[in-house]
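Residue numbers (UniProt numbering): 1 to 154. The beta-carbon is built from N, C-alpha and C at its ideal position, and this holds for glycine as well.
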DNA sequence: GCCAACGTTGGC
DNA sequence: GCCAACGTTGGC
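So, in structure tokens, the structure goes:
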């Protein structure tokens, strides 16, 4: 099993949106970066656990945990001219972007802030705290995942 | 809104 | 394939 961190803007889709979905499950739409896409397509598996990260907002940080319940399949928003995720170069015969489904596991009582994460000396490999932090889907080491979750629950 | 750190595009 | 110009991300 692998661990991940997925970024989302809570004004668009935050952990609270996931919490009120039927089955507390939603598809993860709109990944439009090749490196992130490749993780989603090739490595994100059912049962993997995901740190749900809120970006570009007042309260930046890890808001909770989700679980992958469906592996990569075509992201339908790439075919929809009305969608902001529309990609004219993609077609149903030749899809370029994929999505997975995630289900809520735990919503932390408060967000583990980016500042707190950066202040944890044992978190050294997480891409968030390194260069190249712009990736929207990033792997997390099991050991760092456990430490982040323990810190968030404290 | 600013701006650094990326990623993408397209001419050559 | 190089690289300048441009677009996007995301913290602050």
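task: Identify every residue that forms a DSSP beta bridge with residue 73.
output: Numbered from its first residue, the first chain carries residue 73 at position 73. Per DSSP, 99.
- request: Assign residue 1 to buried or exposed, taking buried as 16 or more other Cβ atoms, counted over all protein chains shown, within 10 Å of its Cβ.
  value: Here residue 1 refers to the residue found at position 1 of the first chain. Burial call: exposed.
- prompt: Can you tell me whether DSSP reads residue 119 as helix, strand or coil?
  reply: Position 119 of the first chain holds residue 119. Note: residue 119 maps to coil in three-state DSSP.
message: List, from N- to C-terminal side, the beta strand (DSSP E) runs of 3 residues or more that fit wholly inside the stretch 25-86.
response: The stretch 25-86 contains these whole beta strand (DSSP E) runs: 25-27, 49-54 and 61-74.
query: With 16 as the cutoff for other CB atoms within 10 Å, does residue 153 come out buried or exposed?
result: Working through the first chain from its first residue, we reach residue 153 at position 153. Burial call: exposed.
Contacting residues, own chain, Cβ-Cβ under 7 Å from residue 29 (five flanking each side not counted): As a position in the first chain, residue 29 is number 29, starting the count at 1. Here the set comprises 75, 77, 85 and 99.
query: Start and end of the alpha helix (DSSP H) containing residue 10?
result: Residue numbering aside, residue 10 sits at position 10 when the first chain is read from its first letter. Run containing residue 10: 10-13, per the alpha helix (DSSP H) assignment.
- prompt: How would you call residue 10, buried or exposed, if buried means at least 16 neighbouring beta carbons within 10 angstroms?
  reply: Your numbering for residue 10 matches position 10 in the first chain. Its Cβ being crowded by 16 or more others within 10 Å, residue 10 is buried.
message: Taking 8 Å as the limit between beta carbons, can you name the residues of its chain near residue 101, skipping five residues before and five after?
response: For the purposes of this step, residue 101 is taken as the residue at position 101 of the first chain. For residue 101, same chain residues with a beta-carbon under 8 Å away, outside a window of 5 residues either side, are 25, 26, 27, 28, 68, 69 and 70 in chain order.
field: Residues near residue 118 in its chain [Cβ-Cβ closer than 7 Å; skip 5 each side]
entry: Your numbering for residue 118 matches position 118 in the first chain. Only 129 meet the Cβ criterion.
task: Would you mind sorting residue 34 into buried or exposed? The rule is 16 or more other CB atoms within 10 Å of its CB.
output: As a first step, residue 34 must be located in the first chain, where it is residue number 34. Here residue 34 is exposed. Its C-beta has fewer than 16 other C-beta atoms within 10 Å.
message: Taking the alpha-carbon of residue 16 as reference, which of 72, 103, 136 and 45 has the nearest alpha-carbon?
response: Position 16 of the first chain, counting from 1, holds the residue named residue 16. Residue 16 has its Cα closest to that of 103, out of 72, 103, 136 and 45.
- prompt: Are the CB atoms of residue 6 and residue 136 nearer to each other than 8 Å?
  reply: Reading the first chain from its first residue, position 6 is the one you call residue 6. Reading the first chain from its first residue, position 136 is the one you call residue 136. Result yes, Cβ atoms of residue 6 and residue 136 sit closer than 8 Å.
N- and C-terminal bounds of the alpha helix (DSSP H) containing residue 129: Within the first chain, residue 129 is the residue found at index 129, counting from 1. For residue 129, there is no enclosing alpha helix (DSSP H), as DSSP marks it with neither H nor E.
message: Using CA atoms only, rank isn't needed, just tell me which of 124, 37, 123 and 151 is closest to residue 95.
response: The residue labelled residue 95 in the question sits at position 95 within the first chain. The shortest C-alpha separation from residue 95 is found at 37.
task: State the Cα-Cα distance for the pair residue 40 and residue 32, rounded to the nearest angstrom.
output: As a first step, residue 40 must be located in the first chain, where it is residue number 40. As a first step, residue 32 must be located in the first chain, where it is residue number 32. The alpha-carbon atoms of residue 40 and residue 32 are separated by roughly 11 Å.
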